[in-house]
Structures are given as C-alpha cells and as structure tokens.
Amino acid sequence: DTAVSQTPKYLVTQMGNDKSIKCEQNLGHDTMYWYKQDSKKFLKIMFSYNNKELIINETVPNRFSPKSPDKAHLNLHINSLELGDSAVYFCASTPVRGGTDTQYFGPGTRLTVL
Amino acid sequence: GQSLEQPSEVTAVEGAIVQINCTYQTSGFYGLSWYQQHDGGAPTFLSYNGLDGLEETGRFSSFLSRSDSYGYLLLQELQMKDSASYFCAFLRGDKIIFGKGTRLHILP
Numbered sequence: 001d002t003a004v005s006q007t008p009k010y011l012v013t014q015m016g017n018d019k020s021i022k023c024e025q026n027l028g029h030d031t032m033y034w035y036k037q038d039s040k041k042f043l044k045i046m047f048s049y050n051n052k053e054l055i056i057n058e059t060v061p062n063r064f065s066p067k068s069p070d071k072a073h074l075n076l077h078i079n080s081l082e083l084g085d086s087a088v089y090f091c092a093s094t095p096v097r098g099g100t101d102t103q104y105f106g107p108g109t110r111l112t113v114l
Numbered sequence: 115g116q117s118l119e120q121p122s123e124v125t126a127v128e129g130a131i132v133q134i135n136c137t138y139q140t141s142g143f144y145g146l147s148w149y150q151q152h153d154g155g156a157p158t159f160l161s162y163n164g165l166d167g168l169e170e171t172g173r174f175s176s177f178l179s180r181s182d183s184y185g186y187l188l189l190q191e192l193q194m195k196d197s198a199s200y201f202c203a204f205l206r207g208d209k210i211i212f213g214k215g216t217r218l219h220i221l222p
C-alpha cells in the first residue's frame, strides 16, 4: 500500500504552460505539505494544509496555487511555468498539525520546464 | 533568525563509523530530526531527539545537546547503501525547517 502518492512522477513542459501535480495520502493524516527541492538539494516548504485549511503559505509566486478538496488530497497548480520552476516537488503528510511527528514524503514529481 | 548548518559533504570508508554534525539557531526549539535521501528518492525519516542525549536505532544513532545548539547523526558499520544525503531539521511552529543536507560518500 502506497502511503503518500504523487502523479505524475515526471513532467516535462514548455515555458508558459499551466500544469498540475496531484498528491494523495491514505494514512489518515490531518496535515499535508508541498516542498520544492532545487538542483542543490535544498528542501524548501511551500504550502501546508491542515484539514483542508491553508496554514502555511511561504513566499511563493502567486502562479502557484494549492488546493485541498479533502484532507487526503493536496494538489498543486502552476500557471505560466518558468525555467526556474524546474525542480523536484515533494508532497508530505503528518498525523497532526505541528508537533513532533514524522513527515511522510511522497516519491516526488520531477518538473522540467524547457 | 532560524537556520541549520551541516557540512556539505563527508567521505568515509565502508565498515567504518561516520559522524554528521548539525548546529542550529532558532527560538522555541522542540527537537532535532534526521532524514535520509537517496539519489532520485524521497526523504525518509531516520530519527528524532526531543531531549538531550543519544537515541539509538540499529546502526544509526542521533545525539542532541540543547545547551550547545548542536546535534549529530552517527552511522556505524557503514555500508555502500548508506551513500545518500542526510538532512537535519527542526520544527518551527507548523513548519519543519531543513538544513541544506550532507552528502555522504562511501569508499569501498
């Protein structure tokens, strides 16, 4: 059973396009996150939702829009893609908001913008 | 501010012991976590120190000293499969802040 899944695993697209990445967790967790990992492996949080409510919104361009239809799903839509958006995007979840719980990461989506 | 510092790369020999250090700066500190990430893979949780001292999980141990704002990850009996990046991280409010990662190279 896959705990945190993401689709697609790879995404290659042209500059200016709009794309979405989907994430689902079957762990029953309340809190989900999106991270961006750049070519230097730096993991930076982008957004977090707790029970469908946005609780973290880092300084991310407003071309990025997360959406959580229910607490098991967190999607990321990106408008007008730019070269600098090329990275690996990880979804993650934790049982509850904050606290000291382990983060469970999805397999990642490698986005390449040409 | 809040930050974590760890070496960018460490090299060790198969079968040996290696220590990866992490110093941090933050307020409202709860504890220090460690994650492992293999090339092309996702970060996976290794250990968490909420209190000072040593936590042991098999070949891996993690240590925390709050008074020194310092922790380390100790890997014993190194195996080639331990070649990966290792991240220290702390919780800050609702966020986990990650260090920039230490790339561990293992020589046969």
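Chains S and W are the protein sequences, given in the same order.
Following this note's numbering, the numbering of the first sequence begins with 1 at its first residue and continues without gaps.
Following this note's numbering, the numbering of the second sequence begins with 115 at its first residue and continues without gaps.
Positions of the beta carbon are idealized from the N, C-alpha and C atoms, including for glycine.
Contact check, residue i vs residue j, beta carbons under 7 angstroms
i	j	result
A92/S	Y49/S	no
A198/W	Q150/W	yes
Y144/W	S183/W	no
P66/S	L76/S	yes
I78/S	F64/S	yes
V124/W	L218/W	yes
G106/S	S5/S	yes
I220/W	A126/W	yes
K71/S	N51/S	yes
Q103/S	I210/W	yes
E128/W	L192/W	yes
T94/S	T2/S	no
D208/W	G98/S	yes
Strand pairing of residue i, partner residues [DSSP]
i	result
K36/S	K44/S and Y89/S
E119/W	T137/W
L205/W	I210/W
N26/S	According to DSSP, which records beta bridges pairwise, N26/S is partnered with nothing at all.
R217/W	E123/W and S199/W
D70/S	H73/S
K19/S	I78/S
T31/S	N50/S and T94/S
G185/W	C136/W and L178/W
Start and end residues, beta strand (DSSP E) containing residue i
i	result
V4/S	V4 to T7
E191/W	From DSSP, E191/W is part of no beta strand (DSSP E); its letter is neither H nor E.
F174/W	F174 to S179
Y162/W	T158 to N163
Y149/W	L146 to Q151
N62/S	Segment: none, N62/S is in no beta strand (DSSP E) and carries neither H nor E.
G167/W	G167 to T171
L11/S	Y10 to T13
T112/S	T109 to V113
Integer-rounded CB distance, given that residue j should sit under 8 angstroms from residue i
i	j	result
M179/S	L83/S	Since the first and last residues shown for chain S are 1 and 114, residue 179/S lies out of range.
Y35/S	L43/S	5 angstroms
L205/W	L178/W	That belief does not hold up - the Cβ atoms of L205/W and L178/W are roughly 13 angstroms apart, past 8 angstroms.
T216/W	Q120/W	5 angstroms
When you check each C-beta in the segment 132-165 of chain W against every C-beta of chain S, which residues fall closer than 9 angstroms?
Y144, G145, S147, Y149, Q151, G154, G155, A156, P157, T158, F159, Y162 and G164
For the segment 40-69 of chain S, which residues have a CB atom closer than 9 angstroms to at least one CB atom of chain W, in sequence order?
K40, K41, F42, L43, K44, I45, S48, N50, I55, I56 and E58
Give, in chain order, every residue of the segment 91-113 of chain S whose Cβ lies closer than 7 angstroms to some Cβ of chain W.
R97, G98, T100, T102, Q103, F105, G106, P107 and G108
Contact list for the segment 183-199 of chain W against chain S, Cβ threshold 8 angstroms
S199
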